[in-house]
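The block underneath contains the structure these notes are about, expressed in structure tokens.
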Amino acid sequence: MIGDGRLEPAYEHCRKLTATHGRTYYLGTQLLSRRQRAGVYALYGFARMVDDIVDTGSGQHRLSALDAIEADLHAALSDPGHLPRRPEVLAVADTITTFDIDRRYFDAFMRSMRMDIPESDVHVARYRTMAELRDYMYGSASVIGLQMLPILGTVVDGDVAIAPARALGDAFQLTNFIRDAGEDLDRDRIYLPTDELAIFGVDESMLRRCRRTGQVPGELRRALAHLIAVTRAEYRRAEPGIEMLSPSSRPGIRAAFTMYRAILDEVERSGYRVLTERVRVSKPARLGHVARAVSTRGRTLARS
């Protein structure tokens, strides 16, 4: 797509972003082919860049920055001679073209990112129901799974793999919302559906009090246990999709699947202290998931 020598450094930049900020994803990608890894790094790098602008930018500048990025991406996709200003845009534009990824998925992603910005006319800071949250998650999570499908390849008709791919994106996103509840609250965002919390007697004032004091009352534990159960159901809906992928892609996605799902176990072990602690899966545990995926890879390839 671009022949001025910028493309390889752009992909390397995205690889470093993934290795630094997306350790679970990065470990999973090590079981993919080099070509697939580059595509995944580009997707992650682009999403990370936009997410950082939304989380760390200020005021109207964030909207202007997103508008500029979106225009730059559209220009790169419509004109092969256009040179994007940012390496993340350059790499993702090349990935979209190489793997023929539906460009509408990126429009949906940008819409959801604007929903996080108070100055945007689509801004939402609280989600009352799971249905409202899923509207946001379509662009923030579901489409990430759909963007991945052409890179990973499938052994079934692409339409059959769409539902589990969306479910996997949603499962990862719901896991993030549970794990990062405290950090999100500091940004005045509550992604956990307020109606779901209210069933257990949890409201925003309780969340803020728990963030401040470190307490985890029974009402909050029960609410989080419920949301973890909802998220595990999403993983169950996603899991059949792993076998729909090309055999060489399955181990990497299986590793990411098990590592991310394990975050929920760690939340439980922490006593549901997500409002005051950053819950993590230990590095030895993550490496164990990868090792098991490697052994599965050998069996899968032997049968293929």
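So the sequence shown is residues 1 to 304, counted in the numbering used here.
Glycine included, each C-beta is placed from N, C-alpha and C at the ideal position.
Give the single residue among the options whose Cα lies nearest to the Cα of residue i.
i	options	result
N176	R103, I263 and M148	I263
G139	R208, V50, A76 and S64	V50
G28	V274, L168, R269 and A256	A256
I117	T95, S58, K283 and P193	S58
D265	R280, R254 and Y11	R280
S205	A65, L275, Y25 and G39	L275
D180	V267, I101 and Y25	V267
G39	S64, A91, R48 and L197	A91
G288	E277, R278 and T258	T258
D102	H82, G145 and Q60	G145
S64	Y26, R35 and E119	E119
G214	H82, E277 and V89	E277
H226	R236, I242, L197 and D203	L197
Y235	S282, C210, D170 and R15	D170
R48	R15, D203 and S282	R15
Using 10 angstroms around the beta-carbon of residue i, count the other beta-carbons present and answer buried if the total reaches 16, otherwise exposed.
i	result
H13	buried
A93	buried
E70	buried
G3	The predicted position of G3 is uncertain, since its pLDDT is 47 and thus under 50; a value taken from the coordinates is nonetheless stated next. Per the 10 Å Cβ criterion, exposed.
E8	exposed
A76	buried
A233	exposed
V156	exposed
I314	Since the displayed the chain opens at 1 and closes at 304, residue 314 lies outside it and no answer follows.
S249	buried
R269	exposed
P84	buried
T56	exposed
V122	exposed
F99	buried
Roughly how many angstroms lie between the CA atoms of residue i and residue j, to the nearest whole one?
i	j	result
Y260	D67	32 Å
R23	Y41	12 Å
R212	V143	35 Å
D305	T97	Because residue 305 is not part of the residues shown, which for the chain are 1 to 304, the question remains open.
D186	R208	9 Å
R37	Q30	7 Å
F172	A141	8 Å
I228	Q147	25 Å
V54	Y44	15 Å
L224	M113	25 Å
D184	R62	17 Å
L220	A238	27 Å
P87	T20	16 Å
G5	R189	41 Å
R222	P284	29 Å
Y11	G218	47 Å
P240	R254	11 Å
L174	G182	14 Å
G201	E132	20 Å
G81	R104	22 Å
Q60	V124	16 Å
R292	R34	21 Å
E243	S282	27 Å
Y25	D52	17 Å
F46	V89	6 Å
Tell me, please, whether the CB atom of residue i is closer than 8 Å to any CB atom in chain B?
i	result
D55	In the displayed structure, chain B is absent; only one protein chain is listed.
Please look up how many angstroms separate the CB atoms of residue i and residue j, rounded, as I've assumed it's under 8 Å.
i	j	result
V216	Y272	5 Å
L32	G252	5 Å
L149	G158	6 Å
L245	T95	No, L245 and T95 are not in contact; Cβ-Cβ is about 18 Å, not under 8 Å.
I151	T231	No, I151 and T231 are not in contact; Cβ-Cβ is about 24 Å, not under 8 Å.
Cβ contact (3+ pairs, closer than 8 Å) linking the stretch 154-172 and the stretch 98-113: no
The stretch 192-211 / the stretch 123-137 touching (three or more Cβ pairs under 8 Å): yes
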